[in-house]
Amino acid sequence: MPRGVAIPEIRQQLFAAAECVIIRDGPAKLSGRAVTTEAGVATGLLYGHFTDFDEFLAAYAIDRAFLISAQAAALPERAGTDTVAGNLCDAVLSIPLTPVLVSARLLVTRPELRGRIHAVLGDKTTGLDAIENAAATYLAEEQRLGRIAATADPETLALALVGVLHHLVLGADTESDVHARIQRTITALIRDLSAVTHSPGKPT
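Number 194 in full-length UniProt numbering belongs to position 194 of the sequence shown; there are no gaps in the numbering.
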């Protein structure tokens, strides 16, 4: 990259490069040089925007946590509309899976990043935590509206949902496979719950 040439959205370019490195090589191979090589920019450019590599990782984790939590936050507003399974599927599948996958892998190897995310965004904001919190809030509201059984446990259902999501994003071969399996799992969870305990005529 010639000197003096402006690089638009350099932070996002570096974040995207970090995601590529983690997906291809794993978080253990992540370094400032690996990121800038993947991005096709000079190594020093990263340190022109961040004090050190730890600050870069924290900025990445906060950025992606905000993206995931912002997408998930709209779910509770859908209570009482459409179907419960459909709303859960739409909400989960609208969240970009690459940040979910990369954040899950990164936080396993860099657990200290959770504290930095919480310091900026608050509790229950670290990727899957944000999805779990939004799903539990949504399901509790649907329960209040009588659209899922009074005997259901919204927090446990939400935990099961993110457990499935975590398993699938870490192990599935393709994004389309993740989407298909998430849809089947959510539909089965809600249908089976409703089939046993729900009154006829109440949509789920």
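We put the CB at the ideal spot given by N, CA and C, even for glycine.
Between the C-alpha atoms of Ala152 and Ala74 there is a straight-line separation of about 22 Å. If you check the CB distance, Arg116 and Ala70 do not come in under 8 Å. The C-beta distance from Ala39 to Ala17 rounds to 4 Å, short enough to fall under 8 Å. Contact annotation: the region 163 to 182 does not touch the region 72 to 86, with fewer than three C-beta pairs closer than 8 Å.
Considered as a whole, the UniProt domain "HTH tetR-type" (8 to 68) harbours no complete run of any beta strand (DSSP E) with no fewer than 3 residues. Between Ala188 and Leu121, the beta carbon gap of about 32 Å keeps them out of contact (Cβ cut-off 8 Å). Taken in chain order, the whole alpha helix (DSSP H) runs of length 4 or more contained in the region 100 to 173 are 113 to 121, 128 to 144 and 154 to 171. Burial of Ile186 is indicated by the presence of at least 16 other C-beta atoms within 10 angstroms of its C-beta. Ranked by Cα distance from Ile148, the first of Val92, Leu88 and Gly163 is Leu88. For the pair Gly32 and Leu46, the CB atoms are nearer than the 8 Å cut-off.
An exposed status is given to Gln12, since fewer than 16 other beta-carbon atoms sit within 10 Å of its beta-carbon. In this structure, Glu19 keeps its C-beta atom at 8 Å or more from the C-beta atom of Thr126.
Going by C-alpha positions, Val21 is about 10 Å away from Thr36.
As the crow flies, the alpha-carbon of Arg191 is around 51 Å from that of Val41.
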